[in-house]
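Novice:
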Amino acid sequence: MAPSPTGFLHIGNVRTALFNWLFARHEGGEFRLRIENTDTNREVEEATQQIQDSLRWLGLDWDGDVTFQLDRLQDCAEIARRLVEEGRAYEDEGAIRFRMPDDGVTAWDDAVRGRVEFPNDKLEDVVLVRSDGRPTYNFASPMEDVWDGITHVIRGEDHISNTPKQINIIRAVGAEPPLYAHVSHVLGADGKSLSKRHGSVTVDEFRHAGYHAPALMNFLALLGWSYDDKTTIMSPDELIERFSLDRIVPSPATFDYEKLDWLNGMHLRALSPDEYADELVKFLRDEGYDWDESLVRRAAPIVQEKIERFGQFPDFAGFLFRQIDPESVTLPAGGAPVVTAAHEELERVEPFAAPEIEAALRGLAERLEVSPRKAFEPIRIAATGSKVSPGLFESLELLGKDETLRRLSAAAGGAAA
RNA sequence: GGCCCAUUCGUCUAGUGGCCUAGGACACCGCCCUCUCACGGCGGCGGCACGGGUUCGAAUCCCGUAUGGGCCUCCA
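Using my numbering, the first residue of the first sequence is number 1079, and each one after it goes up by one.
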């Protein structure tokens, strides 16, 4: 994987990195990370660090040290000099250009697209070394592939037209080109390249939104790759086990945020209660919530079936950790008497636990001759400030008897107190 | 403009000449389950860009057109 350090790692590039990683891990090979920083003007200071953080969070570990393209400046200069001596390159206004062949075709068997051919007379003489001595991408990149023993180059389709140039350079130095696999781009819903206005595009943004790394990985893998005609949910290990280059499709894929949400929910629900609680605690801590950890852990099981992203937790279960806004407590018509009755009923419940609470409230509904659905709605609103919440009885248990009674009486206008 | 790449339900895809009256998943709609919301179950809607070939037979092979995209920088 060879990103340029010009900013945050875009999710499209992350998918390319993922294909590289899955392929390397599947084959028992190495996944290498190289920073293409030959264009020092555009380099962004923190980008190199952010790229690594992003890959690590997603679970993509690389082999060996991160390498930097500019570190090969001397080696590149030497090769360029030799090419000039051999007549395969020439000076042009201080720069060195490579002499591309004039006739015939340059072709390769792309692992994703099959055979691709370019007429050589369309290949311009590319600059190898700039007049200030720095190598260009189209020179340094193929040379590093050679020096690092890169066997497979899996990259975006925007590099297709660079490939014949790089192949000619590699052959000119007497080396064999690696195998190339050009994967398509990732698009937004409007068919344009995925960008900010479509939603989250950097790994960081997905992390802060509360996505689970293995779920995002699963989703990304399915963007342009499939295992068979029915398998959708796969763990990182399963992806590694099943991945192959020949099942990558060449056409561009549109990023579907709704499917990602669904897939994330599936992964989250499949977690053991302990794993789920651990992840939830970690997420909330990272996002700056100082909520009581033991209560978060007790709340975890009652939200696991309900939300599809950790980012929804504060809205969905925040009522357990902070006072609810009185404005949000608007009882439906005829709700107040029910809340008052519930208050009386719950005062007597001991222990104040879900099964006992349930028995009491169902008994109440029966006595009032109201359906449970109708009876519980005002109680839910009074206690949680919302018509939508985790299971009512479990929620009340976690809220505690005192707080529950306090909220019910506040909602009923204090009459119950 | 030149060169190159792509084109199956709204979306992700299965499909490599007969197994396809095109399968699965997300989304959407309906029903069931149900304390809300989810989950789950059942059902539905919906597609081979178009035109020519090749073949007994084409989503699958070939050609053309259209549409989308990439590159054409001393960017990567």
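No residue lacks a Cβ here, since even glycine has one placed at the ideal position from N, Cα and C.
Only a predicted model underlies this, so the values are computations on that prediction, with no experimental measurement involved.
Could you give the DSSP three-state label for L1206: helix, strand or coil?
Specialist: Of the three classes helix, strand and coil, the one that applies to L1206 here is strand, per DSSP.
Novice: Can you tell which of A1299, G1469, A1419 and R1112 has the C-alpha that lies nearest to the C-alpha of V1448?
Specialist: Ranking A1299, G1469, A1419 and R1112 by Cα distance to V1448 puts A1419 first.
Novice: With respect to the beta strand (DSSP E) encompassing L1470, which residues constitute its N-terminal and C-terminal limits?
Specialist: Looking at the DSSP string, L1470 is not in any beta strand (DSSP E); the run it does join, the alpha helix (DSSP H), is L1470 to L1477.
Novice: Taking the alpha carbon of G1039 as the reference point, which residue from H1260, P1083 and R1191 has its own alpha carbon closest?
Specialist: The requested residue 1039 is not part of the displayed model; the chain covers only 1079 to 1495.
Novice: At a cut of 8 Å, does the segment 1352 to 1365 reach the segment 1127 to 1142 through at least three beta carbon pairs?
Specialist: These segments do not touch.
Novice: Can you give me the Cβ contacts of M1079 inside the same chain, cut-off strictly under 6 Å, excluding the 5 residues immediately before and after it?
Specialist: If we look at M1079 and ignore the five residues flanking it on each side, its Cβ neighbours are A1095, N1098 and L1111.
Novice: Buried or exposed: E1422, going by 16 or more other Cβ atoms within 10 Å of its Cβ?
Specialist: Burial call: exposed.
Novice: In this structure, what does DSSP give as the bridge partners for H1088?
Specialist: Partner(s): T1280.
Novice: Report the CB separation of A1253 from Q1147 in whole angstroms; it is logged as a contact under 8 Å.
Specialist: About 17 Å; that fails the 8 Å criterion.
Novice: Closer than 8 Å is the cut-off here; do at least three beta carbon pairs connect the segment 1471 to 1479 with the segment 1428 to 1438?
Specialist: Taking 8 Å as the limit for Cβ pairs, the verdict is that the segment 1428 to 1438 does touch the segment 1471 to 1479.
Novice: With distances taken Cα to Cα, identify the nearest neighbour of I1232 among L1323, F1176, K1274 and L1341.
Specialist: It is L1323 whose Cα lies nearest to the Cα of I1232.
Novice: Measure the alpha-carbon distance for V1207 versus D1370 and round it to whole angstroms.
Specialist: Straight-line Cα distance between these residues: approximately 59 Å.
Novice: How far does the alpha helix (DSSP H) with E1386 in it reach, from first residue to last?
Specialist: No alpha helix (DSSP H) contains E1386, which DSSP labels as neither H nor E.
Novice: Report yes if the CB atom of A1293 is closer than 7 Å to the CB atom of H1237, and no otherwise.
Specialist: No, the Cβ-Cβ distance between A1293 and H1237 is not below 7 Å.
Novice: Run the CB neighbour count on P1410, radius 10 Å, all protein chains shown included, and call it buried at 16 or more, exposed below.
Specialist: Looking at its Cβ environment, which holds fewer than 16 other Cβ atoms inside 10 Å, P1410 is exposed.
Novice: Put G1234 into one of helix, strand or coil per three-state DSSP.
Specialist: Reduced to three states, the DSSP call for G1234 is strand.
Novice: Ignoring anything shorter than 4 residues or poking outside the segment 1232 to 1268, list the alpha helix (DSSP H) runs there in chain order.
Specialist: Qualifying alpha helix (DSSP H) stretches, in chain order: 1241 to 1250.
Novice: For E1163, which of M1221, L1358 and R1177 has the nearest alpha-carbon?
Specialist: Of the candidates M1221, L1358 and R1177, the one whose C-alpha sits nearest the C-alpha of E1163 is R1177.
Novice: Do the segment 1100 to 1111 and the segment 1301 to 1321 meet, that is, are 3 or more Cβ pairs less than 8 Å apart?
Specialist: Yes, they touch.
Novice: If you measure between the beta carbons of R1175 and D1203, is that distance less than 7 Å?
Specialist: Cβ distance < 7 Å, so R1175 and D1203 count as in contact.
Novice: Take Y1215 and list the residues in its own chain whose beta-carbon comes closer than 7 Å to its own, dropping the five residues that flank it on each side.
Specialist: Excluding sequence neighbours, Y1215 sits near E1114 and T1116.
Novice: For the structure I just gave you, are there three or more beta carbon pairs, one from the segment 1297 to 1308 and one from the segment 1080 to 1093, closer than 8 Å?
Specialist: Enough Cβ pairs lie closer than 8 Å, so yes.
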